[in-house]
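Some notes on the structure that comes next.
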Amino acid sequence: MAGTNLRAGSLVFFLFSVLAFVACVRTENASPAASPNHPPPVVSSSEEAAPTISVTWFYRDNQRVSWEIIVENYLVPAGFSISCPITEIRIELPDGSAFPVYFDLEAVTLDSFYAATHNSRWLCTSKNEKPGKYRFSLMYFDEEKRIPISKQFQTILMLGSVYASNGTSQILLPARGEYPLASGTGDIRQVLTWNFAAPFAGSNQPVQINRVALNPSFALVEACITYDDQHYWKPNAILKIDGKIFHDTAYTPTYPFPYDLETTIKNAKRCYALILPHSLNIHSFSSFQAGIENFVIQMNDSNTLTMAECNAAKSRLSNQSLPVEIRCYSFQLRGEAQTWFDILRFPEAIKREDAYAIVEGLLTRTIQGPWLVEIEP
16 MAGTNLRAGS LVFFLFSVLA FVACVRTENA SPAASPNHPP PVVSSSEEAA PTISVTWFYR
76 DNQRVSWEII VENYLVPAGF SISCPITEIR IELPDGSAFP VYFDLEAVTL DSFYAATHNS
136 RWLCTSKNEK PGKYRFSLMY FDEEKRIPIS KQFQTILMLG SVYASNGTSQ ILLPARGEYP
196 LASGTGDIRQ VLTWNFAAPF AGSNQPVQIN RVALNPSFAL VEACITYDDQ HYWKPNAILK
256 IDGKIFHDTA YTPTYPFPYD LETTIKNAKR CYALILPHSL NIHSFSSFQA GIENFVIQMN
316 DSNTLTMAEC NAAKSRLSNQ SLPVEIRCYS FQLRGEAQTW FDILRFPEAI KREDAYAIVE
376 GLLTRTIQGP WLVEIEP
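In our numbering, the protein residues as written are 16 to 392.
Encoded structure:
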């Protein structure tokens with residue numbers, strides 16, 4: 016990707032937004048899209064035993080409802096893998112109304128996905144100790160107060176059709192049905208959601224931590240960054256607890272919302288939800304720190320890179336005696352002005368991709384923190 020000048024900002028940002036929003040369930044084995052002219056073969060599951068679903072943890076406070084769910088005996092053909100077997104979770108209220116709190120992006124339109132999951136955070140992982148076993152951890156923040164705090168409700172989980180991939184081809188696994196989950200009103204014996212309103216001391220602190228929450232599988236850090244820069248930003252979160260350190264593996268942009276290129280890069284304030292998988296006993300822990308370790312300004316995109324920034328990188332290559340020479344240039348793509356670079360010279364001992372990586376390394380800036388909050392259990 017570094018070797019092409021087709022870094023169309025709108026396309027890159029669209030893909031960035033979709034991937035960032037579904038990053039909480041991302042996996043190294045992402046399935047390729049099916050061709051409409053050559054749909055993937057459907058694999059029958061008529062001879063397989065039905066999957067089993069169990070709720071291993073349920074939590075509710077005045078802000079959120081959360082579950083830890085184990086799916087077992089969800090087997091896929093040898094050599095294939097899936098990102099997550101769960102395609103939908105919805106809440107059904109006593110008055111007969113219902114609404115989704117989780118969707119698999121492949122199963123719905125993008126608008127439906129955004130609308131249903133804007134207040135949800137999740138992590139789906141396969142459990143290596145047993146084939147066909149998955150852990151799904153979900154937080155739903157009831158910002159609209161749709162669930163009466165004192166009322167019971169029904170939760171329905173759906174195992175719909177999902178794509179499985181072996182890296183070169185894909186197959187469509189059949190739906191396995193709907194499963195009601197055991198959900199109570201919630202016994203709040205330990206508060207696991209913390210909010211923060213006061214900014215950090217100092218007039219020029221760019222980060223505000225808004226919320227921290229714990230599930231058995233992951234911690235959530237929600238934060239806003241205010242910074243005068245019109246590029247993409249990549250926040251990095253950290254959790255320090257009982258002598259252990261955990262970092263985020265995924266993040267979701269939450270403001271401005273909905274996402275679009277022009278609004279986001281011109282907005283000096285942007286907010287994120289960051290997922291930090293952990294291996295803690297959340298029922299017994301000492302005080303801990305959580306927050307943003309740093310954030311990275313990413314200028315390596317043709318839609319946001321300026322000629323001055325490209326020329327500055329060119330000068331740094333020369334001043335630091337780095338063995339790469341570039342040419343900066345401007346062009347138009349779909350009526351939008353773009354700036355990018357060509358590699359003119361690089362040593363024979365390295366690949367062209369390595370030369371691009373050297374230049375792109377100069378097109379990033381790290382704003383170092385940390386900005387942490389102290390939390391008492």
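Ideal Cβ positions, reconstructed from N, Cα and C, are used throughout, including at glycine. These numbers come from a predicted model, not from an experiment.
Residue environment analysis places M322 among the exposed positions, since fewer than 16 neighbouring C-beta atoms fall within 10 angstroms of its C-beta. Bridge partners of Q205 according to DSSP: none are assigned.
Listed in chain order, the non-local C-beta contacts of V311 below 6 Å within the same chain comprise K249, T379, T381, local neighbours out to five positions each way being set aside. The segment 231-242 makes contact with the segment 136-143, as at least three CB pairs between them are under 8 Å. By the Cβ neighbour-count rule, Q383 is exposed, with fewer than 16 other Cβ atoms within 10 Å of its own. Of the residues assessed, S127 falls on the exposed side of the cut-off, its CB having fewer than 16 other CB atoms within 10 angstroms. Here DSSP, grouped into helix, strand and coil, assigns M173 to strand.
Excluding sequence positions up to five before and after R191, its CB lies within less than 6 Å of the CB of P66, L174, all in the same chain and listed in chain order.
Of K259, G258, R285, F215, the smallest CA-CA separation from Y247 is found for R285.
Membership of R360 in the beta strand (DSSP E) is indicated by the continuous run 351-360. Taking a cut-off of 8 Å on C-beta distances, the segment 250-259 touches the segment 301-309, as three or more cross pairs fall below it. Under the rule that a run must span 3 or more residues, the beta strand (DSSP E) segments found entirely inside the segment 134-175 read 135-141, 149-156, 169-174. Under the three-state reduction of DSSP output, N219 falls in the coil class, being neither helix nor strand. Counting along the chain, the unbroken alpha helix (DSSP H) around A323 starts and ends at 322-334.
Non-local beta-carbon contacts of A370 in its own chain, meaning distances under 7 Å to residues more than five positions away in sequence, involve V339, I358, F361 in chain order. Cα atoms of N225 and K166: separation of roughly 28 Å, rounded to the nearest angstrom. Shortest Cα-Cα distance from I85 to any of S141, V222, E375 involves S141. Runs of beta strand (DSSP E) with 3 or more residues, each lying fully within the segment 266-296, are found at 284-292, listed in chain order. Taken through DSSP and simplified to helix, strand or coil, F128 comes out as helix. The straight-line gap separating the alpha-carbon atoms of D157 and Q78 is approximately 6 Å. A check of alpha carbon separations from S98 across Y344, G147, N296 identifies G147 as the nearest. Scanning A228, G350, S180 for the CA closest to the CA of P92 turns up S180. Rounded to whole angstroms, Y344 and Q353 show a C-alpha spacing of 8 Å.
Under the DSSP definition of a beta bridge, S112 lacks any partner. Listed in chain order, the non-local C-beta contacts of H133 below 8 Å within the same chain comprise T269, F272, local neighbours out to five positions each way being set aside.
Assignment of E121 by DSSP, reduced to helix, strand and coil, places it in the helix class. For M314, the closest alpha carbon among the candidates T279, E308, Q245 is that of Q245.
E237 is classed as buried because its beta carbon has at least 16 other beta carbons within 10 Å across all chains shown. In the DSSP secondary-structure assignment, F310 is bridged to P250, I382. Residue environment: I106 is assigned as buried (16 or more neighbouring CB atoms within 10 Å of its CB, all protein chains considered).
Contact between I101 and T170 is absent: CB atoms are separated by about 12 Å, not below the 8 Å threshold.
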